[in-house]
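Numbering (full-length UniProt numbering), first residue to last: 1 to 288.
For each residue, glycine too, the CB sits at the ideal point set by N, CA and C.
Bear in mind the structure is a predicted one, so any value in this text is a computation, not a measurement.
What follows is one structure encoded as structure tokens, with my remarks underneath.
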């Protein structure tokens, strides 16, 4: 067969937690982001990039760091450094950090800071495509987050149901109480049965309502359609049917399954129309 050269691509993956103010990042051949925090010198995050995607099978390093409120994360590609002063890459990255620090101080919005960074580092049109992405972080208020930790005891699910109902009432989200209780119950049951301690439940009220369940296992959950006579296997199917979107993410200590719902009681997130969680199984009919 004719030899075909594999084309690689760089990638930077970043996850920010607005509850803890911490960020996790991994790189596949892409420059680490620059971080600017109030009262501190801006600089590149200490991260060793792995090989570009498609160019190797080495593991990718992931690092976590504190960003805090009102931090500025700057993501870029190498052509941004081409117009900067300095003969070595380290000098040009240091120059970028200095420019980012000054721009972050002078501008309250990422747009303004980004325009200054481009103007100062690239006074002339670049010879290659330049990518620049800025993100200003914030922390969620304490009264928009509720978190609990449970042991791996099936009886804990009942305690979680009560906690969810009480929190929905406190947030004046009674229209989401039963649905959220069912989502939390299904995810917690899976975590207790197949995961490991500690098992955590977190509710976040922001632009949407997010329900997160974490455990110490890194086994990927699998969505399947159970047969009508099956006694189990419907947990993730119910979650997918009741929520706007859902997914999972991994950490060094395990995984988190999250599910998101709209706060608007008039919005039908489900493509088949509003769902009554108490009658969901009956309405679905045979799952063959």
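By a C-beta neighbour count over all protein chains shown, 10 Å radius and 16 as the cutoff for buried, is residue 30 buried or exposed? buried
Start and end of the alpha helix (DSSP H) containing residue 115? Unbroken alpha helix (DSSP H) run through residue 115: 110-121.
Between residue 179 and residue 260, is the Cβ-Cβ spacing less than 7 Å? Not in contact: residue 179 and residue 260 (Cβ atoms no closer than 7 Å).
Can you tell me whether residue 247 is buried or exposed, with buried defined as 16 or more other CB within 10 angstroms of its CB? exposed
So, at 6 Å on beta carbons, what are the nonlocal neighbours of residue 19 in its own chain, with the 5 sequence-adjacent residues on each side left out? 140 and 145
Find the nearest neighbour of residue 241 within the set 192, 186, 159 and 265, judged by alpha-carbon distance. Among 192, 186, 159 and 265, the Cα nearest to that of residue 241 is on 186.
Nearest to residue 163 (by Cα), restricted to the options 177, 236 and 153: 177
What would DSSP say about residue 201, mapped onto helix, strand or coil? strand
Is the segment 151-170 touching the segment 109-129, taking contact as three or more C-beta pairs under 8 Å? The segment 151-170 and the segment 109-129 do not touch, with fewer than 3 CB-CB distances between them shorter than 8 Å.
Hey, which unbroken runs of the beta strand (DSSP E) at 3 residues or more fall wholly within the UniProt domain "PPM-type phosphatase" (7-137)? 11-17, 22-28, 34-36, 62-66, 72-76 and 132-136
From this set, 110, 249, 76 and 235, which residue's C-alpha is nearest residue 12's C-alpha? That would be 76, whose Cα lies nearest to the Cα of residue 12.
DSSP three-state call for residue 219: helix, strand or coil? coil
Roughly how many whole angstroms lie between the Cα atoms of residue 136 and residue 73? 6 Å
Could you give the residue range of the beta strand (DSSP E) that holds residue 251? 245-251
Distance CB(residue 48)-CB(residue 28) smaller than 7 Å: Contact: no.
Buried or exposed: where does residue 58 fall if 16 or more other Cβ atoms within 10 Å of its Cβ makes it buried? exposed
DSSP beta-bridge partners for residue 258? DSSP, once it has assigned bridges, lists 212 and 247 as partnering residue 258.
Whose C-alpha, out of 53, 216 and 206, is nearest the C-alpha of residue 295? The question about residue 295 has no answer here: the residues shown for the chain are numbered 1 through 288.
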